[in-house]
Each structure stands twice: as C-alpha cells, then as structure tokens.
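**Student:** This is the structure I have questions about; it appears just below.
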Amino acid sequence: MCEHMKIIFLIVGLALLCSVSLAQAVFSEPQKIVILSLAFKGGTLTAEKVDIAYGSPPDRLSPGELTFTMRPNSNRVLGTYGILDPRMVYDVGYIENVSFMVVLPYHRSTVWIDVAERNATIASFSIAESFAAFCSTPNNICDPDCAQDVDCPANAEQKPESKQQDYTLLAAALVLVLLVIAAWLGYRKLKEARILKEVRMRRRA
Numbered sequence: 549m550c551e552h553m554k555i556i557f558l559i560v561g562l563a564l565l566c567s568v569s570l571a572q573a574v575f576s577e578p579q580k581i582v583i584l585s586l587a588f589k590g591g592t593l594t595a596e597k598v599d600i601a602y603g604s605p606p607d608r609l610s611p612g613e614l615t616f617t618m619r620p621n622s623n624r625v626l627g628t629y630g631i632l633d634p635r636m637v638y639d640v641g642y643i644e645n646v647s648f649m650v651v652l653p654y655h656r657s658t659v660w661i662d663v664a665e666r667n668a669t670i671a672s673f674s675i676a677e678s679f680a681a682f683c684s685t686p687n688n689i690c691d692p693d694c695a696q697d698v699d700c701p702a703n704a705e706q707k708p709e710s711k712q713q714d715y716t717l718l719a720a721a722l723v724l725v726l727l728v729i730a731a732w733l734g735y736r737k738l739k740e741a742r743i744l745k746e747v748r749m750r751r752r753a
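In case it helps, my numbering puts the sequence shown at residues 549 to 753.
Shown next, in the form of structure tokens:
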C-alpha cells in the first residue's frame, strides 16, 4: 500500500511541477534595459542618446561616484545604481571630456533618470520619447508596458491583459486535468492492489 501511495504522490508532484513550468513559460516577459550614451564635456554631463531595448541588465553595478536614480513623474525611487567615475582612467588619470555608456535595468513607470555625483544631482534625463519610439518599433512582441504598441492586435478587445487572463484560465484548466489524471491513475493502482490482495487471500484459503 505504501509503495502505491508513493507512486500517487510522485504523479501528483510531477503534474504540479509541469503546471508551474507552464505558468512560468506563459507569464514570463522579456526583460528591458535602458542604454544611456553619455558624455562629460567641460564638466557638464549630457545625453547623446537614450535607447530602450530588450536584454539582460548587468548582474551588479558597483557603487561609485556616479549614482543613477530611476523615478516616475514624482520623487518616488524605482531603482538606484552606481558606477565609478568614467573620467578617472587607469594609468592615465583624470580626463575632463569623455564619452561612455551605461546599461541600466528598466523599471516599469520610469520616466526620469537622475544622475548624482557624490549626492549632488548633476543631470536629469527623460526616457519618455525613447520609450515611445521603442513601442512604435515593430519587434513581434506585444509589450504590456506600452500604452500603444504597433505589435499589439488592432482589435481593442484583444489587449495583453485579456490575453493574460486567458492564459491564467488555460493554466488552471491544465492543472485540474493533470490532477484528475493523477487521481484516476492512483485509484487504479489502489484498486489493482486490492484485487491482488483478495486473490492472494483466496489462494491461501
């Protein structure tokens, strides 16, 4: 009996594991990053280009002299990241005019990126236009962060939110079916074990 119960638990566990894997595959969204092409010129920090793209952000940005704070149209902080001062070049020293690039994780609702040097804000960049350009560029992905995405269906009824609800129902239905199958297989195993037990008892009698 214990051996058959182990089989039942194994089947149920596999069913749940498959359902979790399916849910992760369905709901996983590609990561986005913010690519800042910056330049120090005469002590002033300017943005030469701001891009939004799909990709993986750096695993870790070291704390340093320059701090990048991502926020919406308020003072609420969405994320803070630091880098070493790009004007300090190894074996060269301090370079006043230098161009460099910073890759930051994208946080939903981000509008502004503030740059501070030793806790003093030296520049603020808006990513609103860059994000609008990102949403208007075809890439075969209907991004839920975009208010209007050229890759989303034209039919207003087919919004990403409604699709996500459909996927939720599909995943729930699949979990239910797998659990029913696991229970049915477990019932068959128990029934077979009971029959074999009765046969053995008759033979002994």
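C-beta: ideal position from N, C-alpha, C; glycine also. These numbers were taken from a predicted model, which means no experiment stands behind them.
For Val637, which residues in the same chain have their Cβ closer than 6 Å to its Cβ, ignoring the five residues on either side in sequence?
**Tutor:** Excluding sequence neighbours, Val637 sits near Ile643.
**Student:** Relative to the alpha-carbon of Thr669, which residue among Leu614, Asp697 and Tyr629 has its alpha-carbon at the smallest distance?
**Tutor:** If we check each option's Cα against that of Thr669, Leu614 comes out closest.
**Student:** Determine the closest residue to Leu584 out of Arg656, Pro701, Ile661 and Glu740, with distance taken between C-alpha atoms.
**Tutor:** Ile661
**Student:** Can you give me the start and stop residues for the beta strand (DSSP E) that Ser647 sits inside?
**Tutor:** Val646 to Pro653
**Student:** For Leu744 and Arg736, what's the separation of their Cα atoms in angstroms?
**Tutor:** One C-alpha to the other measures close to 12 Å.
**Student:** Taking 8 Å as the cut-off, decide whether the C-beta atoms of Ser672 and Val659 are in contact.
**Tutor:** no
**Student:** For Val650, is the beta carbon positioned less than 7 Å from some heavy atom of the ligand MG?
**Tutor:** Inclusion of the ligand MG in the displayed structure is not the case, the ligand content being empty and no account of it being possible.
**Student:** DSSP state of Tyr735, grouped into three classes?
**Tutor:** helix
**Student:** How far does the beta strand (DSSP E) with Ser674 in it reach, from first residue to last?
**Tutor:** Bounds of the beta strand (DSSP E) holding Ser674 are Ala668 to Ser674.
**Student:** What is the rounded straight-line gap between the Cα of His655 and the Cα of Glu596?
**Tutor:** 21 Å
**Student:** Of the residues Ser622, Thr617 and Ala731, which one's Cα is nearest the Cα of Ile631?
**Tutor:** Thr617
**Student:** Please state if the CB of Cys683 and the CB of Cys694 are separated by a distance shorter than 8 Å.
**Tutor:** yes
**Student:** Report the rounded CA-to-CA distance for Pro653 versus Trp732, giving the unit in angstroms.
**Tutor:** 47 Å
**Student:** When the Cα atoms are used, what is the spatial distance from Val598 to Ala721?
**Tutor:** 43 Å
**Student:** Counting along the chain, where does the beta strand (DSSP E) carrying Arg619 start and finish?
**Tutor:** Leu614 to Arg619
**Student:** Could you compute how far the alpha carbon of Gln696 sits from the alpha carbon of Thr592?
**Tutor:** Just so you know, the alpha carbons of Gln696 and Thr592 end up roughly 35 Å apart.
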